[in-house]
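Here is the structure we will look at.
Numbering (my numbering), first residue to last: 992 to 1200.
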């Protein structure tokens, strides 16, 4: 709480401010649930390591679910518009059950040829079908969730991330989600991102700023 001054008592306004901030922190802990969707082709790659740095700053009581979209692989996408669309099952059903109670969805996706990795894009394609499933109510329960992107690029130009960021921001807008931004690191060879001091300094504040 606040530092005690004025004869050992906190000034009323400062004390009230500290109470409000404390309540907000408690509400953050009690209500947030993060799902991290890892889509890089290299286990424990640079983007995943950067995501761990950011996630480590979350309060211990905040639930974190980490889902590797590469293993097992997601099923191929078939555009079922105009047909009867079944609810997701198998691997997709597991992912849907994890996403539904989440407050925050984080795509952990390195830059591959100026775009999202194939598994991340494939999941978004499947979301298109989920919108058409009778009684699944995907549009209702995805609305209002926070959407984040953590990525690492090999090119020194930070602008190469723009296509990924635009895709995710437009996805959030289309689905009525809240776009929360991108954490954009630099790295090529395994572990390179650990030398990106500026991004590592920003990582602990990414989810809590």
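Yeah, the Cβ is synthetic: ideal placement off N, Cα and C, and Gly gets one too.
No experiment lies behind these values; they were computed from the predicted model shown.
query                                                                                                        : result
Alpha carbon of residue 1069 to alpha carbon of residue 1120, nearest angstrom                               : 8 Å
DSSP-derived helix/strand/coil call for residue 1188                                                         : helix
Extent of the continuous beta strand (DSSP E) to which residue 1175 belongs                                  : 1169-1177
Pick from 1090, 1188, 1053, 1176 that is closest to residue 1128, judged by C-alpha positions                : 1090
Own chain residues within Cβ distance below 7 Å of residue 1198, not counting five before or after           : 1045, 1048, 1049
For residue 1169 and residue 1200, the rounded distance between their alpha carbons                          : 15 Å
CB contact flag (residue 1149, residue 1175, <7 Å)                                                           : yes
Given residue 1183 as reference, the closest of 1133, 1162, 1101 once Cα atoms are compared                  : 1101
Whole-angstrom C-beta distance between residue 1151 and residue 1161, which should lie under 8 Å             : No, residue 1161 and residue 1151 are not in contact; Cβ-Cβ is about 18 Å, not under 8 Å.
Residue 1155 CB to nearest heavy atom of the ligand NAP below 6 Å                                            : The model on display carries no ligand, and the ligand NAP is accordingly not part of it.
Residue 1057 - containing beta strand (DSSP E), residue span                                                 : 1054-1059
Same chain, Cβ closer than 6 Å to residue 1139, neighbours up to 5 away in sequence not counted              : 1097, 1171
Cβ neighbours of residue 1054 in the same chain (closer than 6 Å, five flanking residues each side left out) : 1024
Where residue 1039 falls, given that 16 or more other Cβ within 10 Å makes a residue buried                  : buried
Beta-carbon proximity of residue 1093 to residue 1173, cut-off 7 Å                                           : no
Backbone CA spacing between residue 1065 and residue 1190 [nearest angstrom]                                 : 31 Å
Uninterrupted alpha helix (DSSP H) stretches inside the region 1112-1172 (no shorter than 4 residues)        : 1129-1133, 1153-1166
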